[in-house]
């Protein structure tokens, strides 16, 4: 099993280090999965960390000048890495690092991830090399199924999240009211290509909701298109609440499946840590909601991609 | 505070019951596609109070200056809004928002309205948009419905809409200090630029701050008494910072708790001038003038009760030093 990656570009090193620091805030213990094309940091939380699921993808082309790996079956290699240790190695010195080299080595039969940073010296032009050895554990083959690239997710509604600057402030204020945040999203009846999202919190003294209108809907591959030629965003609602159906029927309102509001209640602190990232502003954030189950966030930066799934606080 | 608990206990139990209901609200009730509620919703009686302001950030920054306690009482009259925060019957802060500040102000019945709510919640709601540039106008509408159970706020900024519902509490009578403005002991108007420097430099270890106004030497003095020494700050009547000096008949000195004076600091920092008036009992009235860009000036007022002599037996400082 072999893994080696290196970059000599200071900008790339900075970016990579910031990305690792960011992911470590979301998921401390991660599995680092190396494939010929990408490095992934994956946390498949079922009961760990409140069930959050993290998937962070770094394409080798964008950040690494030298990359080679040879895994168990020539395709994959999976290591379990405690990110906190990696962060500890990086934070103090990455500000001036000129180069970074990652290598999988072994000492006394224990696998290590060797991180070699090239740092400038104060007086001369020569560099000094600092090496950190981070202990890792190799994930056995039988668990690799958990870390596969997720397929296109099933969702009830998918939309582009509004600009971070506005949302972040609103969420910071809402966090002071309550930890339980309810996200509602609904397709606009006036304009099928848009939707609105409402964030709301309640406590014994006050209840606050903020509504963001005119959010664009992204197009996913393999999405069914209905008779009118419009993309049918989301599932058909086959598994929708019986209670909601009954209420709609009682009121005689014929609400089309795709236009019913989708509601998910999540812990607001998890979204907060997601949105306060040291990386530059993301180019796009897509939010998918599965009614009462999970809020999925897909965050696209220039070089990396992050998927973050937050489970609902109460599943009905 | 026993009275508070008795009067509001019934209202609070119903609040807790309702909190759970809010979570179970039916999805059908939630309609993002409709506009904001009109002041008189079909079927509901018109609200007791409705106001609308186009620059909510100005109001928000004013209201933040008196947030030193959790609860505030708001009085709405034909002159405008008065927001009051009190502390232990020794300090009262009032922010006056005149009717001219609002683009719309409707009081259904002509008599003044009182309501009380959690001030921290109100400010959190108003600050939803505090991060965006000051130039983008944030519109705020406030409704107090007929049943007075809650205050409803509707804020809009750049297409993002926030609706808040803050439950009200039984209002209690706010303190009336019987400040006799006609029989003042002294009155001094000082520019805030200089006064706030003094306020922030006051020795934090000094429990009391003494205000001494000398008739003979025509000066306004603030002193502190700390473990390491005494701090003395003089404003002579002739100095540029002092715009007006109405001296007392004889020199007077009163002491006030430093912790209470500190509550005035934020308002002082936001203001252009401060008027310090004192009545014969030593009750202090501090009035801060806040100037705004569009010419609407606002006032923030503080009333402070002096410290009683029997409470300060261990304070050092000889009387000779005063003269």
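Protein chains in written order, with my numbering: chain Z, 15 to 330; chain V, 422 to 744.
Where a beta carbon is used, it is the ideal one built from N, C-alpha and C, also for glycine.
Taking residue 187/Z as the query, report the chain V residues whose CB atoms sit under 7 Å from its CB, ordered along the chain.
Within chain V, the residues near residue 187/Z are 545, 548 and 549.
Residue nearest to residue 23/Z in terms of C-alpha spacing, selected from 113/Z, 289/Z and 56/Z:
Its Cα nearest to that of residue 23/Z, the residue 113/Z stands out among 113/Z, 289/Z and 56/Z.
Closer than 7 Å by beta-carbon distance: list the chain V residues that pair up with residue 226/Z, in chain order.
Those are 581, listed as they occur along chain V.
When we look at the beta-carbon of residue 476/V and count the other beta-carbons within 10 Å, is it buried (16 or more) or exposed?
Buried, since its Cβ has 16 or more Cβ neighbours within 10 Å.
In whole angstroms, give me the CA-to-CA distance for residue 47/Z and residue 20/Z.
Going by the C-alpha atoms only, they are around 16 Å apart.
Residue 511/V in three-state terms, based on DSSP
If DSSP states are grouped into helix, strand and coil, residue 511/V belongs with coil.
State yes or no: is the beta carbon of residue 481/V nearer than 7 Å to at least one beta carbon in chain Z?
No, its Cβ sits nowhere closer than 7 Å to a Cβ of chain Z.
Is any beta-carbon of chain Z found at less than 7 Å from that of residue 700/V?
Look at residue 700/V: its C-beta is not under 7 Å from any C-beta on chain Z.
Can you name the start and end residues of the beta strand (DSSP E) that residue 44/Z belongs to?
Note, residue 44/Z: beta strand (DSSP E), 43 to 48.
Environment of residue 630/V [buried if 16+ CB atoms lie within 10 Å]
When all chains shown are included, residue 630/V counts as buried.
In the DSSP assignment, the alpha helix (DSSP H) including residue 29/Z goes from what residue to what residue?
24 to 40 is the extent of the alpha helix (DSSP H) around residue 29/Z.
Going by beta carbon distance, what residues of the same chain come within less than 6 Å of residue 672/V, once the five residues before and after it are set aside?
635 and 636, listed in sequence order.
Against chain Z: residues of the stretch 488 to 514 of chain V by CB proximity under 7 Å:
Residues passing the 7 Å Cβ filter: none.
How about residue 483/V and residue 516/V: do their beta carbons lie closer than 7 Å?
Against a cut-off of 7 Å, the Cβ pair of residue 516/V and residue 483/V comes out as a contact.
Would you mind reading off the limits of the beta strand (DSSP E) that contains residue 180/Z?
Not the beta strand (DSSP E): residue 180/Z falls in the alpha helix (DSSP H), residues 178 to 189.
If you scan the stretch 613 to 701 of chain V from start to end, which runs of the beta strand (DSSP E) of 3 or more residues do you find wholly inside it?
Within the stretch 613 to 701 of chain V, the runs of beta strand (DSSP E) at least 3 residues long that lie entirely inside it are, in chain order, 629 to 635, 640 to 646, 651 to 657, 663 to 667, 673 to 678 and 694 to 700.
Using the Cα positions of residue 609/V and residue 311/Z, report the straight-line distance between them to the nearest angstrom.
Computed Cα separation, rounded: 60 Å.
Spatial neighbours of residue 110/Z within its chain, please: CB distance less than 7 Å, with the 5 preceding and 5 following residues excluded, ordered by chain position.
The residues are 133 and 134.
Starting from residue 122/Z, follow the alpha helix (DSSP H) in both directions and report where the run begins and ends.
The continuous stretches of alpha helix (DSSP H) do not include residue 122/Z, and DSSP gives it neither H nor E.
Confirm, please, whether the CB-CB distance from residue 315/Z to residue 11/Z is below 7 Å.
Only positions 15 to 330 of chain Z appear in this structure, which leaves residue 11/Z out of reach.
Residues of chain Z with CB under 8 Å from residue 586/V, in chain order?
Residues of chain Z with a Cβ closer than 8 Å to the Cβ of residue 586/V are, in chain order, 220, 221 and 222.
Does any residue of chain V have a CB that is nearer than 7 Å to the CB of residue 308/Z?
By this cut-off, residue 308/Z is not an interface position.
Just to make sure I have the definition right: I need the residues of chain Z whose C-beta is within less than 8 Å of the C-beta of residue 665/V. Which are they?
By Cβ distance, chain Z contributes nothing, its closest Cβ being about 41 Å from residue 665/V, past 8 Å.
Residue 184/Z versus chain V: which residues are under 7 Å apart at the beta carbon?
Neighbours of residue 184/Z on chain V, chain order: 549.
What are the complete alpha helix (DSSP H) segments, minimum 4 residues, inside the stretch 465 to 511 of chain V?
If we require 4 residues or more, the alpha helix (DSSP H) runs fully inside the stretch 465 to 511 of chain V come out as 477 to 485.
Chain-ordered chain Z contacts of residue 539/V [CB-CB under 9 Å]
Within chain Z, the C-beta atoms nearer than 9 Å to that of residue 539/V come from 219 and 220, in chain order.
For residue 71/Z, I'd like the list of residues in its chain whose CB is within less than 7 Å of its CB, leaving aside the five on either flank, ordered along the chain.
Taking C-beta separations shorter than 7 Å and ignoring five residues to either side along the sequence, the partners of residue 71/Z in its chain run 52, 54, 318 and 319, following chain order.
CB-CB under 8 Å to residue 183/Z, same chain, minus the five flanking residues each way: which ones, in chain order?
Annotation for residue 183/Z: no residue places its beta carbon closer than 8 Å to its own, counting only its chain and skipping 5 residues before and after.
Against chain V, does residue 193/Z count as a neighbour if the rule is that its beta carbon must be under 7 Å from one of theirs?
Judged by the 7 Å Cβ criterion, residue 193/Z is not in contact with chain V.
Is it the case that the Cβ atoms of residue 279/Z and residue 196/Z are separated by a distance below 7 Å?
In this structure, residue 196/Z lies closer than 7 Å to residue 279/Z by Cβ.
Below 8 Å on the Cβ atoms is my guess for residue 281/Z versus residue 217/Z; work out the distance and round it to an integer in Å.
Incorrect: roughly 15 Å between the Cβ atoms, too far for contact.
Is the beta carbon of residue 674/V closer than 7 Å to that of residue 633/V?
Going by beta carbons, residue 633/V and residue 674/V fall inside the 7 Å limit.
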